[in-house]
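Note sheet for the following structure.
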Amino acid sequence: MSDYVLGSSDEEIERLAYQNEVWSHETTGLWESAGIGIGTRVADFGCGPGFCTKALARIVGSKGHVYAVDSSEKFAAVVKSETAGASNITFYRSDVCKTPIDDDSVDAVFARWLFCFMGRPEDLVEEVSRVLVPGGKLVVFDYFNYLASNVYPQRPAITSIFDAFTQDVESHGGSWDIGGELTGMLAKSGFEIEFLTPITRIGKPGSRVWRWVQYYAEVTLPRLIESGIWTEEQKLDFEKAWSEAAKDPASFIFTPPMIGIVATLTIDH
34 MSDYVLGSSD EEIERLAYQN EVWSHETTGL WESAGIGIGT RVADFGCGPG FCTKALARIV
94 GSKGHVYAVD SSEKFAAVVK SETAGASNIT FYRSDVCKTP IDDDSVDAVF ARWLFCFMGR
154 PEDLVEEVSR VLVPGGKLVV FDYFNYLASN VYPQRPAITS IFDAFTQDVE SHGGSWDIGG
214 ELTGMLAKSG FEIEFLTPIT RIGKPGSRVW RWVQYYAEVT LPRLIESGIW TEEQKLDFEK
274 AWSEAAKDPA SFIFTPPMIG IVATLTIDH
């Protein structure tokens with residue numbers, strides 16, 4: 034699989050915590066659409082620092098179980114610390130495409146912002162199919178048509194950063210447009226698409242989604258320059274344009290679009 038592009042620094046963990054808060058309503062809505070509830074056995078693939086792991090554990094209760102999987106040593110330490118004593122959570126530090134989870138052992142797999150980082154997403158689909166019981170659900174929350182995002186009124190120095198974000202992820206083998214590929218991939222692998230929903234928002238300067246995109250830029254800009262995708266001059270132009278947009282009462286942001294998918298495994302292994 035591709036490595037998580039943004040790493041696992043303390044700064045990134047803080048950003049992920051903020052991101053989790055911003056999109057928690059849409060996330061829990063997807064879980065409800067998939068029927069995740071008391072007694073459900075769920076695998077949280079690419080769990081990161083475990084924000085969704087903890088929320089899922091509360092939902093499934095003592096009769097259910099959450100199997101959290103991530104390959105990051107730093108994230109592993111955070112998850113283990115935050116979930117110590119929780120009897121309905123098992124954490125595996127593992128490649129999400131080669132987990133220790135038993136065959137046919139979970140009712141649902143949740144993957145948020147995971148497929149977009151996969152060099153071979155079909156390998157992840159295969160692993161999901163292996164661990165799910167027949168009739169089990171795959172719940173996906175991921176990017177789709179990323180370059181539709183922008184700040185309006187448009188400013189070229191801001192528009193160009195979304196192209197740079199895309200180049201950055203693609204240079205590591207991922208895709209910000211994975212949502213458009215998944216339904217066909219899943220259908221070919223024995224899944225039936227049960228539910229689809231668009232996920233995006235519009236926000237003014239100072240809103241949570243405005244800050245969400247700004248936060249991502251702050252974390253990502255140093256790497257864009259280090260990798261040669263952007264120059265220091267482009268960074269300064271962006272920061273100037275962003276500051277101007279933040280002061281413009283007419284400004285708003287259309288966030289990077291995402292898609293929610295619930296798919297049911299229809300084949301026996």
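All letters in the sequence shown, in the order written, are residues 34 to 302 by this note's numbering.
In this text, a Cβ means the ideal position worked out from N, Cα and C, and glycines have one as well.
Source: prediction; values computed, not measured.
Could you have a look at residue i and say whether DSSP puts it in helix, strand or coil?
i: Val-246; result: helix
i: Arg-48; result: helix
i: Thr-264; result: coil
i: Arg-256; result: helix
i: Thr-123; result: strand
i: Trp-56; result: coil
i: Val-161; result: helix
Along the chain, where does the beta strand (DSSP E) that runs through residue i open and close?
i: Phe-174; result: 165–176
i: Val-99; result: 98–103
i: Arg-91; result: From DSSP, Arg-91 is part of no beta strand (DSSP E) but of the alpha helix (DSSP H) over 84–93.
Counting only the same chain and skipping the five closest in sequence on each side, list residues whose C-beta sits under 8 Å from that of residue i.
i: Ile-355; result: Residue numbering for the chain in the displayed model covers 34 to 302; residue 355 lies beyond these limits and cannot be assessed.
i: Ile-89; result: The question names Ile, yet the displayed sequence has Leu at residue 89. Result list for Leu-89: Trp-64, Ile-69, Val-75, Asp-77, Val-99 and Phe-143, in chain order.
i: Trp-146; result: Gly-79, Phe-174, Asp-175 and Tyr-176
Among the residues of its own chain, which have a CB less than 6 Å from the CB of residue i, if the five just before and after it don't count?
i: Thr-233; result: Thr-288 and Pro-290
i: Ile-292; result: Phe-177 and Gly-212
i: Arg-48; result: Tyr-248 and Val-252
Residue i bridges to which residues according to DSSP?
i: Asp-77; result: Ala-101 and Phe-143
i: Met-291; result: Tyr-176 and Ile-232
i: Asn-183; result: Phe-287
i: Phe-271; result: Phe-271 pairs with nothing; no bridge assigned.
i: Ile-226; result: Ala-296
Just to confirm my understanding: we take residue i, look at its own chain, exclude 5 residues before and 5 after, and list those with CB closer than 7 Å. What are they?
i: Phe-285; result: Tyr-185, Ile-235, Gly-236 and Lys-237
i: Ile-194; result: Ala-250 and Phe-271
Considering only C-alpha positions, which residue in the set the options is nearest to residue i?
i: Ile-300; options: Pro-282, Ala-274 and Glu-225; result: Glu-225
i: Lys-113; options: Leu-219, Gly-70, Phe-84 and Arg-256; result: Phe-84
i: Trp-64; options: Pro-82, Arg-91, Glu-45 and Glu-44; result: Arg-91
i: Thr-132; options: Leu-165, Arg-244 and Val-246; result: Leu-165
i: Thr-61; options: Asp-43, Gly-72, Gly-79 and Thr-86; result: Thr-86
i: Gly-139; options: Ser-182, Gly-97 and Glu-54; result: Per the sequence presented here, residue 139 reads as Val, with Gly not at that position. Nearest C-alpha to Val-139: Gly-97.
For the alpha helix (DSSP H) containing residue i, name the first residue and the last one.
i: Ile-194; result: 189–204
i: Phe-148; result: Neither: Phe-148 is in no alpha helix (DSSP H) and is coded neither H nor E.
i: Val-112; result: 106–115
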